[in-house]
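Protein chains in written order, with my numbering: chain L, 1448 to 1755; chain V, 1448 to 1755; chain X, 1448 to 1755; chain B, 1448 to 1755. Have a look at the structure below, then the notes.
There are 4 protein chains.
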Amino acid sequence: MSLPEEFHEIAERVNNWGRWGADDEIGTLNLVTGEVVREAARCVRSGRRVPLALPLKQDGVQTGVTPGRVNPLHVMVQLNQELFGPGTVACSDDAVTMGLQAGTHWDALPHVSHSGRLYNGRPAAGVTAHGGAAFSGIDKARHLVSRGVLLDVARARGVDRLEGGHAVTPEDLDAAEELAGTRVRAGDVVLVRTGQMRVYLAGDAHGYAYPSPGLSVRTPEWFHARDVAAVANDTLTFEVFPPEIEGLWLAVHALDLVEMGMPQGQNWNLEELSTACGQEGRYAFLLSATPEPFVGATGAPVAPVAVL
Amino acid sequence: MSLPEEFHEIAERVNNWGRWGADDEIGTLNLVTGEVVREAARCVRSGRRVPLALPLKQDGVQTGVTPGRVNPLHVMVQLNQELFGPGTVACSDDAVTMGLQAGTHWDALPHVSHSGRLYNGRPAAGVTAHGGAAFSGIDKARHLVSRGVLLDVARARGVDRLEGGHAVTPEDLDAAEELAGTRVRAGDVVLVRTGQMRVYLAGDAHGYAYPSPGLSVRTPEWFHARDVAAVANDTLTFEVFPPEIEGLWLAVHALDLVEMGMPQGQNWNLEELSTACGQEGRYAFLLSATPEPFVGATGAPVAPVAVL
Amino acid sequence: MSLPEEFHEIAERVNNWGRWGADDEIGTLNLVTGEVVREAARCVRSGRRVPLALPLKQDGVQTGVTPGRVNPLHVMVQLNQELFGPGTVACSDDAVTMGLQAGTHWDALPHVSHSGRLYNGRPAAGVTAHGGAAFSGIDKARHLVSRGVLLDVARARGVDRLEGGHAVTPEDLDAAEELAGTRVRAGDVVLVRTGQMRVYLAGDAHGYAYPSPGLSVRTPEWFHARDVAAVANDTLTFEVFPPEIEGLWLAVHALDLVEMGMPQGQNWNLEELSTACGQEGRYAFLLSATPEPFVGATGAPVAPVAVL
Amino acid sequence: MSLPEEFHEIAERVNNWGRWGADDEIGTLNLVTGEVVREAARCVRSGRRVPLALPLKQDGVQTGVTPGRVNPLHVMVQLNQELFGPGTVACSDDAVTMGLQAGTHWDALPHVSHSGRLYNGRPAAGVTAHGGAAFSGIDKARHLVSRGVLLDVARARGVDRLEGGHAVTPEDLDAAEELAGTRVRAGDVVLVRTGQMRVYLAGDAHGYAYPSPGLSVRTPEWFHARDVAAVANDTLTFEVFPPEIEGLWLAVHALDLVEMGMPQGQNWNLEELSTACGQEGRYAFLLSATPEPFVGATGAPVAPVAVL
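Written out as structure tokens, the structure is:
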């Protein structure tokens, strides 16, 4: 089976290969300029900080469906250990084993490939067991601070959460943008709230995973038109699951990551942010969301904070 | 052996137990107010972002001396895997095993105990193999965005790096503060540069670890007087190693973490920041440094970014 | 709550503390003498070998109920990597993260404690985060080869498997011994088949875990009377679950491991062995079941083989 | 670069592809018949058991040279945890992260490939990040009990250990076989002692690794002529390191694993066995050495025991 014609047509319209040079490894993160960051800083009015990461723990959002993507196994390797002898200061130390895409994370551009290609036309074979991704690894991002805009689609539609299987369309984004009262601009990081996180927070990890609302295959063009730097949401799958077009799995991933070169964020907890934005009547803020710089990784945990 | 009288005298002077209530779990992070954050945002002038985390990789700063504190073992659990059948979009996924204090990290308050006590008088036994720290785990921080001030002690002393074993004194901090041209205030996060990171960056992990310059046992009083929220530096040990007072190991850890309730950061790469601050002629910035929220962890990786 | 009087009465009857000296760390494994091993070798008639370990894989028997006891996460750290340059011999290498008690394993004696004590009266505090068990760690076993006897309780009772919650009694063991046609002797390793493994093999890991048939609190006296070296069975819990006496959890563990100093094996797949023994009409064999020698571990994976 | 003509000539002479059918996945392990095992059992005279595995611990034989092949990180995930409430029986539980080839282990046949091929002509691409080896994974062995023969080359040459870089030749094997007083036969597992383990046991892991004595590229023909089932030795590299023919790295691995389909064992501690065989004046025994059955793994830990 191969990807349908419709996919390739969209792909052509959103493709950014070569836009920042043949050697570029960071795609739309190039759009975050000093001016964008200065504008982000100007969004800070109350100084209120809202964390967007889920707690990292063994009963996280993973249910075992994706092989190898394990919830964090946090262990103590020292417990009040008097390393320098009895009566001395005692140390506790921790270690962890986890899937880098297990909790709140960014997908790096090489997280997916299609037709043997990664972002900027690089060969998929450039991702190896030995060293991970030879290009566009998550560490190449270096930093990710920009203006963040919450597009609260659930609120714009007047619901607590979108139904499982609801595809968030460009029209949904338009409505949420209108609610936000600010126009999404080049270099912004867009956070799309579906409310799906409530399912996990209520204790149902399986229901959270599937079926899931998420982004429609039509949204990459919207993000491309606005030249956003990155998009994150509050679902496990990012895109609607099951997909809109039967058999066309992970089309949004392929369009965003491979064609546009735009990082995606998943499992972001946008509930407290939704409340805060509602209270303050504004949906733009300074967003700080630098991924942990795992060398060659195709994704990484992030502890994002919105500063209002 | 027990801790010397001198230690207990300093401890009494810097102790913050009960200051924010008997139930407080975050200590000096209470000092980061909305006003401090607004002031931090006002420090953003150029929009230049400087990442302060070391890359996470298997040949990181750990040398095997601290049992269990292992460098990241980054592995690919999927490699261009066509999860939904041949010809479909292919996924790559990663996992990691690592010491939470292995790379650039924050120590949480329960990282050390002395005399059976943690910060705020909690029993050391509250840290268990089963659940980690029952109080003051790193996840309790929730967010850490504040004004950052670089105290470039190496530059203030006119050297590339302080010698191994050099104890950074309050006088060193005063001199670096004068160079910085700003007074350290309540709620600030202070970054102390010794230049020791150059040893690791030059390829010598063992030389980086020991002997190391670091903070003197006299510095907690300086930080306490200024009411800083947190302190990080560019060494493995944070405090001078070997210690100033023979046999008094980890005294600074005990004073900062247990007595003051002030988080410490280690293995921060301050080289690029030193260059940037020198170029821009200012040493204060918005610092975003939220630790990964591992539940009950006594430390966590962080990917800090200074925004100038 | 404390353990009931009934428990302490049995404990007194099966206690082996001091029997092999105050410094002994291996308990009933002392009973495996050269003569026992020679006798075991004499049991080899057909040379047929039957493996008793479950495959180690991510969808193993663990369901997430026991914190930290994770199924194996097997990863490739090298994939046909030409370590010495293009065209050279290529290597593949693996790593794993797993609970040591996750699959087919032996419990070491310090796997449980009660009333603050481990086997031979050692303090429970001798098990630490730093080094594991200071005494009786699984590595102290060094080797475990002996005569094995299958007590096929399910077959003796004429069923495929005992019902969940069925407590295997001394009378059950007597009946199975009669079926086996050999008397259990000092130094033997007894394998008790309940048939419960069939539930897991049929794909139901949760049903396998609970409710489970298993050994009655009355069996330690039976094993003590025969002076067996070790006992393993084909369940997750070893003892009947839920327990026979309400609130008396893990009583069999405490009696076997702490009082008698007798290792226990769990998650052994005895199905093929049951078939083989039935076909050959004999239930005694050479059993080779040396645990992986993790230093200080309170349990370890084992790949047991019965040689008939 | 490609493999030299000399390599291909030997490869042709030792090749076993198709010998046990096109679908065979276990190669020379087919040679371990019931008769071989009965003969092994007849070797048991004293009942003395000698363990051959190194303890599994963080300061194991790995030095960090082979990426991803990490020494065991053994951690306690529960420490005397009263899972069912205060006063109940308390549990301790362990977990580990380790390279499967880190300690005493077997290489599975797909551990190496050359010219894009694995044993029996299978494509090297059959080893994937997702599932490991699709054929000949270590779990396919199921069991490994056979007659073991110690070829004590160091003793036969009258030295404590062979020098680093000494290539063990067929003539060395002949001499050791004469010392052993038994002829190596089809289905035997041969243990070749170089004495190199003494370097590690004396505390020098780096010296143990390199330079290392090991098997000559001429030995596969010797093993092939005798039709042995498997070969293990007491070195990290198995074959002599650096190699005999400049630039011809891992030739013995390629010949044994890919061409012959014969498993290799490394890091076996043969010191105690050497002493025992010397004392008993016989070098043949029952060897039990079933690898841990990691599904699809290209190697696995083993806790071998020789029963004399």
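Cβ atoms here follow ideal geometry from the backbone N, Cα and C, with glycine treated the same way.
- Taking the beta carbon of L1547/V as reference, no residue of chain B falls within 9 Å; the closest one sits roughly 12 Å away.
- A1469/L and L1556/L have their C-alpha atoms some 15 Å from each other.
- Counting C-beta pairs with one atom in each stretch, the stretch 1589–1608 of chain B and the stretch 1564–1579 of chain B have fewer than three that are closer than 8 Å, which means they do not touch.
- Cα atoms of V1636/B and P1738/X: separation of roughly 21 Å, rounded to the nearest angstrom.
- Cβ-Cβ distances below 8 Å link L1476/L to A1588, L1591, A1676, A1677 and P1710 in the same chain, with the five nearest sequence neighbours on each side left out; the list follows chain order.
- Rounded to whole angstroms, the Cβ separation of G1661/V and F1685/V is 6 Å, and the two are in contact under 8 Å.
- Interface residue (Cβ-Cβ distance to chain B less than 8 Å): E1718/X is not classified as such.
- Neighbours of P1660/L across chain V, judged by C-beta separation under 7 Å, do not exist; the nearest C-beta is about 20 Å away.
- Cα atoms of Y1657/X and M1523/L: separation of roughly 29 Å, rounded to the nearest angstrom.
- Listed by position along chain V, the residues whose Cβ is nearer than 7 Å to that of T1544/X are T1544.
- Nearest to G1550/L by alpha-carbon distance, out of L1733/L, E1624/L, G1712/L and I1457/L, is G1712/L.
- At a cut-off of 8 Å between beta carbons, G1515/L contacts chain X.
- Residues of chain V whose Cβ lies closer than 7 Å to the Cβ of T1737/L are, in chain order, P1498, A1750 and V1752.
- Under DSSP, C1538/B takes part in a beta bridge, and its partners are V1559/X and Q1528/B.
- Going by beta carbons, G1515/L and T1745/L fall outside the 8 Å limit.
- The DSSP-derived three-state label of F1670/X is helix.
- Note that the C-beta distance between Q1643/X and D1703/X is not below 8 Å.
- Against chain X, a Cβ distance below 7 Å from N1527/B picks out S1560, A1571 and V1574.
- Secondary-structure assignment with DSSP links F1741/B through a beta bridge to L1503/X.
- Rounded to the nearest angstrom, the gap between the Cα atoms of E1668/B and D1621/X is 54 Å.
- Under DSSP, H1521/V shares a beta bridge with V1543/V.
- Any Cβ of chain V closer than 8 Å to the Cβ of V1522/B would place that residue at the interface, and such an atom is present.
- Going by beta carbons, L1755/B and S1560/B fall outside the 8 Å limit.
- Counting of Cβ neighbours within 10 angstroms places G1568/B among the exposed residues, the total staying below 16.
- Judged by DSSP secondary structure, H1653/V falls within the alpha helix (DSSP H) whose first and last residues are A1652 to A1656.
- Comparing alpha-carbon positions, the option among A1736/L, V1705/L and E1486/L lying closest to W1464/L turns out to be V1705/L.
- The alpha-carbon separation between I1585/V and V1483/V amounts to approximately 21 Å.
- Assigned with DSSP and collapsed to three states, E1691/V falls in coil, not helix or strand.
- In this structure, the CA atom of A1542/B is about 18 Å from the CA atom of L1501/X.
- Residue environment for E1624/X: buried (at least 16 other C-beta atoms within 10 angstroms of its C-beta).
- Chain-ordered, the chain L residues with CB closer than 8 Å to the CB of T1745/V read M1523, S1539, D1540 and D1541.
- Considering only V1461/X, P1740/X and P1751/X, the residue with the shortest C-alpha distance to K1504/B is P1740/X.
- In this structure G1612/L touches V1687/L by the C-beta definition: roughly 6 Å separates them, less than 8 Å.
- The contact set of H1577/L on chain B, defined by CB atoms closer than 7 Å, consists of P1514 in chain order.
- If you look at D1621/B, you'll find it in the alpha helix (DSSP H) that goes P1617 to A1627.
- Looking at the DSSP output, N1680/B shares a beta bridge with V1639/B.
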